[in-house]
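J.: Let me begin by handing over the structure; questions about it come next.
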Amino acid sequence: MLNFLLPLLFVLQSFAVNTNAQHQTKTPEITVLTQKEGVSIRGLSVVDNQTAWISASEGWTAVSSNGGKDWRWQQVPGHEEADFRSIYAFSKDKAIIMSAGSPLVILMTEDGGKTWQKKHQNTHPDIFLDGMDFWDEKHGMAYGDPINGFMQILSTKDGGETWQDLSKNSKGLLQEGEAGFAASGTGIRVLDNGVAFIGTGGSRSQLLMTTNYGKSWKAYPCPIIQGTSSTGIFSIDFHNKKQGVVVGGNYLNDRQTENAVFLTDDGGRSWQKPESGTLGYRSSVEYLDEKTLIATGTSGVDWSVDGGLNWKSVSKESFHVARKARKGTWVLLAGADGRIAELIIK
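Reading the sequence shown from the start, the letters are residues -16 to -1, 1 to 330 in mature numbering (1 follows the signal peptide of the UniProt record, and there is no 0).
And the structure:
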């Protein structure tokens, strides 16, 4: 029996090695699909392999429903000065956009962007929301910088029709000078059963976690570079409840590589520094599968094929955000000068 099993074991090991080698030799390429000069894109939501939306500065949005071949751009009437830094798209017809800064507006379209309806507004001079995410068609959450010591947290249970203020549940979480970043809308991520994570930066950097849709929170310190208003966690992603990654750095020194990315395998309770990190400040990170990740920022695009332990440069081009289709494999990047690009792995 042993003589029979040894050749079989050798074949299986060889297959695993060859499969891993093939994975390692894959080459990522970035191809620009469309561009609108003068527009800065930070909001990106990819529904499936055909449908994607962006939200941007000066009130611009765009949607494609044919895999990026065509994009329908629109400047939302009455909001031409708004900076829509976060978007969540449900389909080619329905999407929600959220502005950064005061006044805050949350708008919804259900006809592919032809018309938009205001669902929430806040005129407080200090309001500044950073991102949002949804658990399902009904339940979602948005977060933003603190007011009077309370992180701003909004919750919806009806698909964005109405929003409830849960900010008081954040009591004691943040210290003076600690806040979020509206760099790509990916400073918040939700998982199943009411789990959500939020990254902070500034004077201190933490990973905040709720397991009950924002009713209560826990805070875990993160060793990413921090201490000034331009440093901290800018983006997070989780492959599952325990396996996650945070990226950031110092956006005022976007080629600084020290302590700009960390990994966790216990939901943020402890952190591991990669063997080789990202090649600078990164404002967005995304799992493509369990082992493959992409991170992007103003100084370039990096990827990892070993779960984030080692990162290599894909491009020196600047992008603010990268997202993978929730229901598919399509990967898009977007950034300054209205550039929308796709990542193809050959």
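Built from N, CA and C at the ideal position, the CB exists for glycine as well.
Measure the Cβ-Cβ separation of glutamate 103 and glycine 144 and say whether it is below 7 Å.
T.: For the purposes of this step, residue 103 is identified with residue 119 of the sequence shown, where counting begins at 1. For the purposes of this step, residue 144 is identified with residue 160 of the sequence shown, where counting begins at 1. According to the sequence shown, residue 103 is lysine rather than glutamate. Taking 7 Å as the Cβ cut-off, lysine 103 and glycine 144 qualify as a contacting pair.
J.: Is the segment 32 to 52 in contact with the segment 304 to 314, if contact means three or more CB pairs nearer than 8 Å?
T.: yes
J.: If you run the structure through DSSP and keep just helix, strand and coil, what is proline 258?
T.: Along the sequence shown, one-based indexing puts residue 258 at 274. Coil.
J.: Would you mind stating whether arginine 173 and aspartate 221 have Cβ atoms separated by less than 7 Å?
T.: Position 189 of the sequence shown, counted from the first residue, corresponds to residue 173. Position 237 of the sequence shown, counted from the first residue, corresponds to residue 221. Yes.
J.: Leaving out five residues before and five after glutamine 101 in sequence, what residues of the same chain have Cβ atoms less than 6 Å from its Cβ?
T.: Looking up residue 101 in the sequence shown gives position 117. Closer than 6 Å at the Cβ level, and outside the excluded window around glutamine 101, lie Met92.
J.: Return helix, strand or coil for aspartate 117, following the three-state DSSP convention.
T.: The count along the sequence shown starts at 1 and reaches residue 117 at position 133. Strand, per DSSP.
J.: Give me the Cα-Cα distance between proline 87 and aspartate 120, rounded to the nearest whole angstrom.
T.: One-based indexing of the sequence shown puts residue 87 at position 103. One-based indexing of the sequence shown puts residue 120 at position 136. Cα to Cα, the separation comes out at about 27 Å.
J.: Kindly indicate which residue of Trp147, Gly292, Thr262, Lys20 has the alpha-carbon position closest to the one of glutamine 105.
T.: Counting from 1 along the sequence shown, the entry for residue 105 is found at position 121. Each of Trp147, Gly292, Thr262, Lys20 was checked against the Cα of glutamine 105, and the nearest Cα belongs to Trp147.
J.: How is glycine 43 classed by DSSP in three states: helix, strand or coil?
T.: Locating residue 43 in the sequence shown gives position 59, counting from the first residue. Helix.
J.: With DSSP as the reference, label alanine 320 as helix, strand or coil.
T.: Taking the first residue of the sequence shown as position 1, residue 320 is located at position 336. If DSSP states are grouped into helix, strand and coil, alanine 320 belongs with the helices.
J.: Looking at the structure shown, is residue 335 part of a helix, part of a strand, or coil, going by DSSP?
T.: Given a span of -16 to 330 for the chain in the structure shown, any question on residue 335 remains unanswerable.
J.: What whole-angstrom Cβ distance do lysine 199 and asparagine 132 have, given they're in contact under 8 Å?
T.: Taking the first residue of the sequence shown as 1, we reach residue 199 at position 215. Taking the first residue of the sequence shown as 1, we reach residue 132 at position 148. So it is not a contact: roughly 20 Å between Cβ atoms.
J.: Would valine 269 pass as a contact of phenylalanine 246 if the rule is Cβ separation under 7 Å?
T.: In the sequence shown, residue 269 corresponds to position 285, counting from 1. In the sequence shown, residue 246 corresponds to position 262, counting from 1. No.
J.: Could you give the DSSP three-state label for serine 213: helix, strand or coil?
T.: As a first step, residue 213 must be located in the sequence shown, where it is residue number 229. Look at serine 213 here: in three-state DSSP terms it is coil, with no helix or strand label.
J.: Could you tell me whether the segment 56 to 64 touches the segment 203 to 214, where touching means 3 or more Cβ pairs closer than 8 Å?
T.: no
J.: For lysine 300, which of helix, strand or coil comes out of DSSP?
T.: For this step, residue 300 is matched to residue 316 along the sequence shown. Secondary structure of lysine 300 (DSSP, three-state): coil.
J.: What separation, rounded to the nearest whole angstrom, lies between the Cα atoms of leucine 191 and threonine 184?
T.: Position 207 of the sequence shown holds residue 191. Position 200 of the sequence shown holds residue 184. Going by the C-alpha atoms only, they are around 7 Å apart.
J.: Count the other CB atoms, across all protein chains shown, that sit within 10 Å of the CB of threonine 107; report buried if there are 16 or more and exposed otherwise.
T.: Position 123 of the sequence shown, counted from the start, is the residue given in the question as residue 107. Label assigned to threonine 107: exposed.
J.: Roughly how many angstroms separate the alpha carbons of glycine 281 and arginine 323, rounded to a whole number?
T.: Locating residue 281 in the sequence shown gives position 297, where the first residue counts as 1. Locating residue 323 in the sequence shown gives position 339, where the first residue counts as 1. Taking the straight line from one Cα to the other gives about 13 Å.
J.: Identify every residue that forms a DSSP beta bridge with aspartate 32.
T.: The residue given as residue 32 occupies position 48 in the sequence shown. Its beta-bridge partners are Lys311.
J.: In or out: glycine 234 buried (at least 16 other Cβ within 10 Å) or exposed?
T.: In the sequence shown, counting from the first residue as 1, residue 234 sits at position 250. The question names glycine, but residue 234 in the sequence shown is asparagine. Asparagine 234 is buried by the Cβ-count criterion.
J.: Per DSSP, what kind of secondary structure is lysine 152 in: helix, strand or coil?
T.: Start at 1 with the first residue of the sequence shown, and residue 152 comes out as number 168. Correct three-state label for lysine 152: helix.
J.: Grab me the residues of serine 49's own chain with a C-beta within less than 7 Å of its C-beta, minus the 5 sequence neighbours each way, in chain order.
T.: Working through the sequence shown from its first residue, we reach residue 49 at position 65. For serine 49, where only same-chain residues beyond five positions count, the Cβ hits under 7 Å are Gln34, Thr35, Lys76.
J.: By DSSP, does glutamine 227 sit in helix, in strand, or in coil?
T.: Taking the first residue of the sequence shown as position 1, residue 227 is located at position 243. DSSP places glutamine 227 in the coil class of the three-state scheme, outside both helix and strand.
J.: According to DSSP, is glycine 161 helix, strand or coil?
T.: Taking the sequence shown and counting its residues from 1, the one referred to as residue 161 is at position 177. The answer is coil: DSSP assigns glycine 161 none of H, G, I, E or B.
J.: Hey, would you say tyrosine 197 sits closer than 7 Å to glycine 178, going by beta carbons?
T.: Position 213 of the sequence shown, counting from 1, holds the residue named residue 197. Position 194 of the sequence shown, counting from 1, holds the residue named residue 178. Going by C-beta atoms, tyrosine 197 is nearer than 7 Å to glycine 178.
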